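Residue numbers (our numbering): 4 to 254.
Glycine included, C-beta positions come from ideal geometry on N, C-alpha and C.
A quick note: this is a predicted structure, and the numbers were derived from the prediction, not measured.
Read the structure below first, then the notes.
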Ligand code: PEP
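This is how it looks when you write it as structure tokens:
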């Protein structure tokens with residue numbers, strides 16, 4: 004089955020709301036007519052402006068995190084309902100920077116996924132190994148375990164709409180991209196775990212992105228791999244032209 008590719012920009016802690024408006028305005032004409040799903044995941048403070056500027060366009064807006072509780076005394080946190088009220092459709096969950104700097108674990112990732120799904124947000128769930136783990140030869144084991152814990156309690160029906168991003172930590176923001184074969188190998192492992200847990204039909208429709216220094220020069224080769232269904236793009240999503248070249252990776 005042909006899966007529609009999905010390219011999402013993770014802006015991280017970059018761009019004020021004014022800068023976000025400028026960036027998405029530049030992006031709209033550059034990606035017009037593209038045959039992939041396009042998402043921009045802006046900081047919380049730019050979601051409103053970005054959603055307003057992108058209303059009526061095919062570009063969707065995503066957040067970079069959410070809290071798993073519905074509401075209450077969680078100072079500094081943002082709920083699913085708050086995101087939905089702004090027109091947000093996607094939410095990145097479990098990015099390695101959140102695991103590394105903000106104590107996110109597979110268990111909190113699981114809670115966040117369940118909340119996002121219950122509320123109707125589409126999770127982009129990140130997983131991936133460190134350089135040390137790769138060198139120890141435990142990449143497949145680690146990713147399998149991340150996936151199993153992350154999706155514990157998620158139904159097969161819910162799984163169909165989820166996006167998974169395989170992001171080797173050693174390739175994020177480093178300029179070191181996994182080779183297309185390395186990236187595809189782990190994406191295939193992820194698809195096979197999903198198959199074991201949910202059956203072949205779900206494994207066949209779920210979209211798995213690669214993320215880690217993807218750019219205009221390497222996008223086509225990565226996207227041509229059979230188990231890679233798009234990209235989660237950090238640095239190269241901060242310039243409309245660079246990002247649009249990845250969206251238009253076919254040239
Ligand atoms: C990311 O942060 O998800 C990412 C892939 O970053 P970069 O493209 O800059 O490596």
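My guess is that residue i and residue j are in contact by the Cβ rule of under 8 Å, so how many angstroms apart are they, rounded?
| i | j | result |
| --- | --- | --- |
| residue 167 | residue 99 | The Cβ separation is near 14 Å, so there is no contact. |
| residue 133 | residue 173 | 6 Å |
| residue 170 | residue 233 | Their Cβ separation, rounded to whole angstroms, is 12 Å, which puts residue 170 and residue 233 out of contact at 8 Å. |
| residue 119 | residue 69 | 6 Å |
| residue 209 | residue 165 | 6 Å |
| residue 193 | residue 150 | 6 Å |
| residue 223 | residue 252 | 5 Å |
| residue 181 | residue 122 | Actually they do not touch by this definition, with Cβ atoms about 33 Å apart. |
If you draw a straight line from the alpha carbon of residue i to that of residue j, how long is it in whole angstroms?
| i | j | result |
| --- | --- | --- |
| residue 195 | residue 141 | 16 Å |
| residue 1 | residue 188 | In the structure as shown, the chain begins at 4 and stops at 254. Residue 1 is therefore absent and cannot be evaluated. |
| residue 205 | residue 159 | 7 Å |
| residue 213 | residue 221 | 11 Å |
| residue 79 | residue 94 | 17 Å |
| residue 19 | residue 238 | 16 Å |
| residue 26 | residue 161 | 32 Å |
| residue 33 | residue 139 | 42 Å |
| residue 58 | residue 30 | 13 Å |
| residue 64 | residue 184 | 30 Å |
| residue 96 | residue 107 | 9 Å |
| residue 143 | residue 203 | 19 Å |
| residue 124 | residue 163 | 13 Å |
| residue 211 | residue 249 | 16 Å |
| residue 227 | residue 85 | 37 Å |
| residue 66 | residue 89 | 10 Å |
| residue 74 | residue 242 | 35 Å |
| residue 177 | residue 217 | 10 Å |
| residue 130 | residue 24 | 30 Å |
| residue 179 | residue 186 | 12 Å |
| residue 128 | residue 109 | 11 Å |
| residue 92 | residue 62 | 10 Å |
| residue 146 | residue 225 | 19 Å |
| residue 72 | residue 28 | 34 Å |
| residue 21 | residue 199 | 46 Å |
| residue 126 | residue 9 | 13 Å |
| residue 7 | residue 190 | 16 Å |
| residue 244 | residue 219 | 9 Å |
| residue 246 | residue 35 | 13 Å |
Give the DSSP bridge partners of residue i, in chain order.
| i | result |
| --- | --- |
| residue 127 | 95, 166 |
(request) Spell out a yes or no on whether the segment 106-121 and the segment 148-159 are touching, meaning 3 or more CB-CB pairs, one atom from each, closer than 8 Å. (result) The segment 106-121, when compared against the segment 148-159, does touch it at the 8 Å Cβ threshold.
(request) Inspect the CB distances between the segment 5-20 and the segment 36-49 and report whether three or more fall short of 8 Å. (result) Because the criterion of three Cβ pairs below 8 Å is met, the segment 5-20 and the segment 36-49 touch.
(request) Identify every run of the beta strand (DSSP E) within the segment 193-242, keeping only runs that are complete inside it and at least 3 residues long; order them along the chain. (result) Listed in chain order, the complete beta strand (DSSP E) runs (minimum 3 residues) inside the segment 193-242 are 210-214, 233-236.
(message) Any contact between the segment 102-110 and the segment 48-63? By contact I mean 3 or more CB pairs, one from each, below 8 Å.
(response) Not touching, per the Cβ criterion.
(message) If we require 4 or more residues per run, which alpha helix (DSSP H) segments fall completely within the segment 135-170?
(response) Counting only runs of 4 or more, we get 142-153, 159-162.
(message) Suppose only complete runs of 3+ residues qualify. What are the beta strand (DSSP E) ranges in the segment 5-86, listed by chain order?
(response) With a minimum length of 3 residues, the continuous beta strand (DSSP E) runs that stay inside the segment 5-86 are 9-13, 40-44, 63-66.
(message) Measuring CB atoms only, is the segment 28-41 touching the segment 71-90, in the sense that at least three cross pairs come out at less than 8 Å?
(response) The segment 71-90 and the segment 28-41 do not touch, with fewer than three beta-carbon pairs separated by less than 8 Å.
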